[in-house]
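Notes follow once the structure below has been shown.
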Amino acid sequence: MFNNKIFLAAVLSAIFASQSANAVIGPIKISLNNEYRTSAPVIGAIATSIKLDKSDIKKTGATTFVNLLEKIPSITFEGGPGNLAGVRIRGSESTHTLLLIDGQKVTITGGQPNFKMIPLNQISRIEILKGPFSSLYGPGAIGGVINVFTDKDANSITSSSIDSSYGSNGTKQSSFSTYYKNNSSYLDFTFTDYITDGIDATHLTTGGDDDLDPSDRQTFGLNIGGDISESTSVSLNMIDSKANIMYDETYGNENYQNDLRQIGLGVNQKFGDRIQTRIDINDQNIMRHGSKYELNTLSIVNELDFDFSKLSLGIMNSIDKDIDNKKSIKHKDIFTQWQGLITDHELSVGARVIDHKDFGTHTTYNFNWARDISINSRLSASYGSATNIPNHYQNKQNVKNSQTTLNPERSRSLEIGLQNQSNIGLVEFKVYQTKIEDAFSYIDPESNWDGYYVNDGTTDISGAELSLETVLLGMDITTKIDYNKSIDKATKKQKGRRPNRSISLNLSKTSGKWKRS
270 MFNNKIFLAA VLSAIFASQS ANAVIGPIKI SLNNEYRTSA PVIGAIATSI KLDKSDIKKT
330 GATTFVNLLE KIPSITFEGG PGNLAGVRIR GSESTHTLLL IDGQKVTITG GQPNFKMIPL
390 NQISRIEILK GPFSSLYGPG AIGGVINVFT DKDANSITSS SIDSSYGSNG TKQSSFSTYY
450 KNNSSYLDFT FTDYITDGID ATHLTTGGDD DLDPSDRQTF GLNIGGDISE STSVSLNMID
510 SKANIMYDET YGNENYQNDL RQIGLGVNQK FGDRIQTRID INDQNIMRHG SKYELNTLSI
570 VNELDFDFSK LSLGIMNSID KDIDNKKSIK HKDIFTQWQG LITDHELSVG ARVIDHKDFG
630 THTTYNFNWA RDISINSRLS ASYGSATNIP NHYQNKQNVK NSQTTLNPER SRSLEIGLQN
690 QSNIGLVEFK VYQTKIEDAF SYIDPESNWD GYYVNDGTTD ISGAELSLET VLLGMDITTK
750 IDYNKSIDKA TKKQKGRRPN RSISLNLSKT SGKWKRS
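The following block contains the structure:
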């Protein structure tokens, strides 16, 4: 079945390619432009997103990535430096948030991505996409995607800096960064050291050990790349983070390692002005509390440019290994994304066929539309599906309890948005609706803290988002109001740990710059 779909996709590829030039059409990639998976999108943004660059991150005053997530409106964050952090987007589960580093998925170990491993000082920008993006990024992107980009391709020719900070609870952070760039190559190296004495999260009376829960982390990042010819460029990026994050462990596990090492190699080849291919090879190793995991991915992207549209085609092979238990999660994907202009309509259409080792073949898709209905107003709509497969922890628990019938979660989402620019400022209003079927639920029939997961039914999510960006009394003002209902269809009650309403207000004013003479 999967081979037939690959053959059909190959035929369609050949038809589209024949309109442009003769070229070999192969596989696709996971980073590039977040919303369209291309290096230069043809149309404007359609997806709902939150974007923070380096200057935005510094303005928050955050010292860690987890601390930064606490300050971002429109997402629900829980946890802290000594706990497993969870991020929920639009009322979905924390396991429905896909975490990427430089476009590559971070493997899920303890039921959700481990956000604590990422060093804030080495982040150049963050993009948070809301809504289903499995057709672009693979399984797991039901609620949304957090894509973290590390420093690379620096704009300055040569620059070095040393930063140091100190805070309460013995918190100290130091970092060294150096950049180099010429006309055809770049190099970026950063080292960060972070340590804190922590706090006593649990007291003796609540089962704790009445001590502080310190943590320390040392991280270095390297990005290097350049042009080896007029049509060929290469890039190498590496991030290595070693951390000990201590906490009060009920079951006596005293291994506090939270390590991450990721190495990515990319090659970009242009075949004339209209066709280019990019190959990416990624190796990721994670150590979490003594458990080892490894993720290997290979993806190939082909971009074909036409006069008023662009087509991306590709395949990806993913092997996610649980080293200690000698288990793996394997799937091969083929996917495509087309974007273009038809009269005054901006369109984007994509699909992905996932062939999973244990769960067979299934398809996800997305359809996006937008149109400027006046000089100052823009209307948009999107519809898509997504899927989420069981992770290592869920697989391990179910195999241990002889429960091997767990099916992937599936979702369908609809969103409609209106944007208007006036003398008041930029106003944006969006409504959305998502239905998640075969939702995972943890049960413990023996009450021995060693349960398993089942598909327990359906979750209906609906909500609205209203935002305003304006200037008042010389201040930049951004305010957002979010309303969300996440209803378990069986109980007809709001699911826990999700705010029904939230509001945020940000005021910023720059009065001048300090300069040393």
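Position 118, counted from 1, in the sequence shown is what my numbering calls 387; the numbers after and before it change by one each time, with no gaps. Heads up, the beta-carbon is just placed ideally off N, CA and C, and yes, glycines get one too. Since the model is a prediction, treat every value here as computed from it, not as a measurement.
Residue i burial status per 10 Å Cβ neighbour count (16 or more: buried)
i	result
Asp496	exposed
Ser429	exposed
Glu715	exposed
Leu582	buried
Val570	buried
Thr673	exposed
Ile712	exposed
His600	buried
Asn451	exposed
Thr656	buried
Val622	buried
Phe577	exposed
Trp607	buried
Ser680	buried
Lys579	buried
Lys699	buried
Simplified DSSP assignment, three categories, for residue i
i	result
His600	strand
Leu776	strand
His558	coil
Thr612	coil
Asp325	helix
Ser771	strand
Thr364	helix
Val375	coil
Gln391	helix
Leu338	helix
Leu405	helix
Asn637	strand
Tyr448	strand
Gln672	coil
Which listed residue (the options) has its alpha carbon closest to that of residue i
i	options	result
Ser453	Lys399, Ser500 and Lys385	Ser500
Leu776	Leu398, Lys328, Ser324 and Gln663	Lys328
Thr760	Gly490, Asp729 and Ile508	Asp729
Thr461	Ile392, Gly467, Ser403 and Leu405	Ile392
Gly619	Ile387, Asn637 and Asp602	Asn637
Val696	Thr703, Glu347, Asp542 and Gly686	Gly686
Tyr455	Ser443, Leu491 and Val723	Leu491
Leu742	Lys778, Thr605 and Ser434	Lys778
Lys626	Leu321, Asp589 and Ile370	Asp589
Asp574	Ile544, Glu615 and Ile642	Ile544
Thr332	Lys539, Asp432 and Gln531	Asp432
Asp641	Asn664, Gln663 and Asp613	Asp613
Ser324	Asp549, Ile411, Asn390 and Phe698	Asn390
Ala360	Ser780, Gly765 and Leu737	Before going on, a small fix: residue 360 reads as Gly here, not Ala. Looking at the Cα atoms, Gly765 is the closest of the given residues.
Phe418	Gly653, Asn769, Gly533 and Asp624	Gly533
Ser597	Val414, Ile603, Thr739 and Asn586	Asn586
Asn769	Thr317, Leu321, Thr345 and Leu337	Thr345
Thr739	Gln690, Lys561 and Thr447	Gln690
Gly694	Gly732, Ser646 and Lys665	Ser646
Per DSSP, cross-strand counterpart(s) of residue i
i	result
Ser643	Its beta-bridge partners do not exist; DSSP assigns none.
Trp718	The partner list for Trp718 (beta bridge, DSSP) is empty, contrary to what the question assumes.
Gln702	Leu683 and Ser731
Ala512	Arg486
Ala655	Ser680
Lys399	Thr317 and Gly413
Residue i beta carbon near the ligand FMN (any heavy atom closer than 7 Å)
i	result
Tyr448	Only the bare structure without any ligand can be found here, which leaves the ligand FMN out of the picture.
- Query: Touching or not, the region 392-407 and the region 434-447, by the rule of three or more beta carbon pairs under 8 Å?
  - Reply: When C-beta atoms of the region 392-407 are compared with those of the region 434-447, fewer than three pairs fall below 8 Å, so the two segments do not count as touching.
- Evaluate the contact criterion for the region 750-760 versus the region 717-733: three or more CB pairs, one atom per stretch, below 8 Å. yes
- Can at least three beta-carbon pairs, one atom from the region 660-676 and one from the region 317-335, be found at a separation below 8 Å? no
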